[in-house]
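Residue numbers (this note's numbering), protein chains in the order written: chain H, 8 to 452; chain C, 133 to 581. Virtual Cβ for every residue (Gly too), placed ideally from N, Cα, C. Note that the structure is predicted; figures quoted are calculated from it, not measured. What follows is a set of notes on a single structure, which appears directly below.
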Amino acid sequence: MTLAVDSELAALVGSSHVLTDPAACAGMSVDDKVPDCTVTPAKAEQVAAVLQYAGQHRRAVIAVGQGTKLSTGNPPQRYDIALSLRKLNRVIHFEPADLTICVEPGMTFGEFQTLVGAQGLWLPLDPRGGAEASIGGIIAANTAGPLRQAFGGPRDMVLGLRIATTEGKFAKTGGRVVKNVAGYDFGKLLTGSYGTLGVIVEACLKLFPKPPERATFTMQAGTLGIARDVRRSILRSSLSPMRLALLDSAANTLLDNPRESDAKPGVELWIEVGGSHRVIERCAFELKQLASGVGGVLVRREGAEVAWGKIADLARWLRPKYGDVTVLKAALPLAGSEEFLSRAQQEAEAEKIGLASFAQVGVGIVHLCVLQERRTPNLLGWTARLRQAAADLGGSLMIEHCPVEFKSGVDVWGARGDDLEAMRKLKAAWDPHAVLAPGRFVGGI
Amino acid sequence: MLYEYDALSSLRQPDAVVFPRTTEHVVKIVKAALQHKLPLVARGAGTGLSGGSVATEGGILVVFSRMKQILEIDLENQRARVQPGVVNLDLSLAIADEGYYYAPDPSSQKACTIGGNVAENSGGPHTLAYGVTTNHVLGLEVVLANGEVIHTGGRHWDSPGYDLTGVFVGSEGTLGIVTEITVRLSRKPEAVKTLLAVYNQVRDATRTVAAITARGITPAALEMMDGFTLRAVEEATHAGYPMDCAAVLLIEVEGLREAVEEHADEIEGVCLENQARDVRRAKSAEERDLLWKGRKTAFGALGRISPNYYVQDGVIPRTRLPEMLDFIGGVEKKYQLHIGNIFHAGDGNLHPLIMYDARDRDQTARVEKAAKDIIVRCVEMGGSITGEHGVGLEKSDLMPLIFSEDDLELMSRVKNLFNPEGRLNPGKLLPTGKMCGELRGGLAGGGQV
């Protein structure tokens, strides 16, 4: 990047907010591509100014919150400017009695939960990146963990957004009231768009009261078939669990016992319920009945929050031991999880691929973590077969994380249907010069 | 012509009304309209309240009353695939025996169609706990303006790519014509309790609303009716509402037996702390149905006592309800009108009903001013110009109250992508620029919220 360009950006946000030091920029690399500079605006207007500059000069920009999900996506075609949003971390409006809040995107999820938690409220999400993830990043990636069972995902919690565009303007969608049908719902469009349309500079979210008590139970299910029967019974019951996860033996063992000295056989169901003491007692009783019906034992786990955090972000906890763990995510009609897991296990065994997996069996999301990274064609072929297996079940499969070498042989998102052209047009309308994370999204968007 | 109206009003007749049975029929209609440069307006049951389905510029009215098949019910995966003309309640009835239902429940659910609900992103009394239409739609089949058919979303959550489903839901027929909808189905709760809290002061009722949520309870529904509305409703339905009170809250809690009992007790306590003079509980399913019948048919009841009425649909943060109801009382006096209030209090979604006689031009003019004052106040309080009825024809020129020129320009740009000639539901949703800030489409109508 030339000195002139550098000074132009510095004029927009202040020289102390522009870093061109290669070492600093290396920290913002995406799929091994290092940007020329890192810009850290402190105000929404500066975000818009930087985007306008990028649009005018055709400089490719990737917006970064805390960087916990930066490895998701195809390699960027170009990447000149890292736009760090971590200084935009203020509360703009918070009225606890309305159960609504508006914040800037760089606020971390941990800070956010502490703030609203003091009022007995929470945002019932357990996203990838956990407490470190930024609110903007959670929305941009629409990441939800097992709590989605009861509360839905970011898509269902965003009430309104303010978005800076590459034309240097702001677009508003929705507002800060819980019901609103005025205008097109661009909040849905931006949620899960991975920063390819605009940059969120303010998000208004719906909050929920924290349940008075919570309890986690686990049930050894033995086989996937038994796990499926139990899942069916739970979903047909009135219990409405807050979280429902199925862990395979490897994931379950690693979760409790990183030394693997005492491997746990078979799959295990993790169930969390919330409510009053009486409600929890009732759930415990019914779950116990269910467990004994299939010859299993129900165990109540104290202090399970840490374990749930690990389940929601399994790969991160596996990395210290297994290095760069590849993660596949299948999204299926909800009854397809167990069958998909079974297919994945068979295929992994045939390829001698080590696997730790967990499934949100009540919503049909399965995460597979590859423990023995080999970067051989086997892994590519295995992924392709699993993609087909997901499609056969009426679902789809994406690669949430993998080493960059692997990305040259595969589209991480998978094939898209007959709506791809409409998506391309939307991209062109929002980001006419294609400077936002070019090439990273579905279909090369 | 019947099809000249919805529950709002009408300006002009369509040139033709067609009744497709299949997606292929819709494609043919869209291509014919393309060839002859005719406007296209999709319509379900015509129960809308913002003029969204009236053909203001003529053209072809595509009525979905013959595309009303439930194509697939898949309880194992908790979803169903339906044609747009399926009546909202019919879907719930079809799965009721299995213990499931379709959650969004507009008050017009006995008549309104799921296609119409998708176009308007409809709500209903129980959206407080379960969300509106968009939270229950997984995927759509859409015929675009050029006759091309696309499929958005899928049969599961998290389809990769932009959430086009989320953009089409609530787009009021201006981006394409939906021909098939995949919805999520919900498990019926084990227990339901319905409470009626009776107040001598409106302010005490409105204060109760935020007090309930402050206790960490999210009722399935939390509705308010003022005394004026209540008396009209009671005379029409004999639901057993008290005739001499200032307001009632109709509160419903659902879930596990234990939770429902505890929440009902706690809510009763909150109501009494806020000076409710009486809190009744429906003792049977019949009593519960009667209370809800009163609520859901209230508009019709008001129609009995006034030749015409106008329904406003505004949203405010729920903590501002006491202030807002005072304000509406002031508007009533200022313009010498009768305004009934019956609304989704838990969501802060107001529905002031302004009584008038359309033959009285002076009164009609005052109604328009009163409606405008109320909506402007909603916006000042940080709210919105519509919570569930849609922008439609009626409020397109109020959009600048909450959106900047840049916001609207971006919306126009997206509209132009899908609707380049402006033939899909012309004159709806976005401002025409002719009468900035005025209510359009006139005042009339019945309907239900």
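Rounded Cβ spacing between residue i and residue j (contact assumed at less than 8 Å)
i              : j              : result
K94 (chain H)  : T47 (chain H)  : 5 Å
F347 (chain H) : A397 (chain H) : 6 Å
V546 (chain C) : Y191 (chain H) : 6 Å
G124 (chain H) : L92 (chain H)  : Their Cβ separation, rounded to whole angstroms, is 23 Å, which puts G124 (chain H) and L92 (chain H) out of contact at 8 Å.
W5 (chain H)   : M430 (chain H) : Here chain H covers residues 8 to 452 and nothing more, so residue 5 (chain H) does not appear.
I108 (chain H) : L197 (chain H) : Not a contact, Cβ separation roughly 18 Å.
Sub-8 Å separation of residue i and residue j beta-carbons
i              : j              : result
K271 (chain C) : T311 (chain C) : Before going further, note that residue 271 (chain C) is Gly rather than Lys in the sequence given. Against a cut-off of 8 Å, the Cβ pair of T311 (chain C) and G271 (chain C) comes out as no contact.
D147 (chain C) : G190 (chain C) : yes
L90 (chain H)  : A67 (chain H)  : no
T75 (chain H)  : A151 (chain H) : no
D418 (chain H) : N81 (chain H)  : yes
R555 (chain C) : A177 (chain C) : no
H408 (chain H) : A322 (chain H) : yes
D43 (chain H)  : D87 (chain H)  : yes
Beta carbon proximity, residue i to chain C, threshold 8 Å
i              : result
I108 (chain H) : no
Y329 (chain H) : no
M405 (chain H) : yes
M8 (chain H)   : Reliability fails at M8 (chain H), whose pLDDT of 47 lies under 50, so the model's placement of it is uncertain and no value is given.
E15 (chain H)  : no
K195 (chain H) : yes
Y60 (chain H)  : no
G401 (chain H) : yes
R65 (chain H)  : no
F292 (chain H) : no
S247 (chain H) : yes
V313 (chain H) : no
Within-8 Å CB hit, residue i to chain H
i              : result
G480 (chain C) : yes
H283 (chain C) : yes
G577 (chain C) : Annotation note: pLDDT 44 at G577 (chain C) (below 50); position unreliable, no value reported.
G216 (chain C) : For the sequence presented, residue 216 (chain C) should be read as Pro rather than Gly. No - not a single Cβ of chain H is within 8 Å of the one on P216 (chain C).
I517 (chain C) : yes
W289 (chain C) : yes
T154 (chain C) : no
L549 (chain C) : yes
E390 (chain C) : yes
I534 (chain C) : yes
P449 (chain C) : yes
T259 (chain C) : yes
A97 (chain C)  : The structure shown does not extend to residue 97 (chain C), since chain C is modelled only from 133 to 581, so the question has no answer here.
A346 (chain C) : yes
D458 (chain C) : no
M543 (chain C) : yes
M133 (chain C) : Model confidence at M133 (chain C) stands at a pLDDT of 47, short of 50, so the residue's coordinates are unreliable; what they give is reported in the following sentence. It does not; no Cβ of chain H falls within 8 Å.
P454 (chain C) : no
Y262 (chain C) : no
M356 (chain C) : no
R572 (chain C) : Unreliable positioning characterises R572 (chain C) in this predicted model, as indicated by a pLDDT of 43, which lies under 50. The coordinate reading is nonetheless provided below. So, not an interface residue.
M567 (chain C) : Only weak support is given to the placement of M567 (chain C): the predicted model assigns it a pLDDT of 41, under 50, and the question is left unresolved by the model.
T245 (chain C) : no
G522 (chain C) : yes
Residue span of the beta strand (DSSP E) that contains residue i, given as start and end
i              : result
Y262 (chain C) : Not the beta strand (DSSP E): Y262 (chain C) falls in the alpha helix (DSSP H), residues 259-262.
M487 (chain C) : 484-488
C377 (chain C) : Per DSSP, C377 (chain C) belongs to no beta strand (DSSP E) and is neither H nor E.
M356 (chain C) : 353-358
E312 (chain C) : 309-316
Limits of the alpha helix (DSSP H) - the one that residue i falls within
i              : result
E412 (chain H) : 411-414
Y331 (chain C) : Careful: Y331 (chain C) lies outside any alpha helix (DSSP H), inside the beta strand (DSSP E) at 323-331.
H470 (chain C) : Where H470 (chain C) is concerned, there is no enclosing alpha helix (DSSP H), although the beta strand (DSSP E) it sits in stretches over 470-475.
E428 (chain H) : 427-437
E335 (chain C) : Position check: residue 335 (chain C) holds Arg in this sequence, whereas Glu was assumed. From DSSP, the alpha helix (DSSP H) with R335 (chain C) extends over 334-346.
E209 (chain H) : Premise fails: E209 (chain H) lies in the beta strand (DSSP E), 206-213, not in any alpha helix (DSSP H).
Q367 (chain H) : Not the alpha helix (DSSP H): Q367 (chain H) falls in the beta strand (DSSP E), residues 362-367.
CB contact check: residue i to chain D, cutoff 8 Å
i              : result
Y233 (chain C) : Although the question refers to chain D, the structure presented lacks it and instead comprises the protein chains H and C.
Proximity test, residue i beta-carbon vs the ligand COA heavy atom, cut-off 7 Å
i              : result
M487 (chain C) : Inclusion of the ligand COA in the displayed structure is not the case, the ligand content being empty and no account of it being possible.
Alpha helix (DSSP H) runs wholly inside the segment 223-262 of chain H, at least 4 long, in chain order: 231-243
Unbroken stretches of the beta strand (DSSP E), 3 residues or longer, contained in the segment 186-258 of chain C: With a minimum length of 3 residues, the continuous beta strand (DSSP E) runs that stay inside the segment 186-258 of chain C are 192-195, 202-206, 211-214.
Contained alpha helix (DSSP H) runs [length at least 4] in the segment 18-80 of chain H, N- to C-terminal order: 29-33, 51-64
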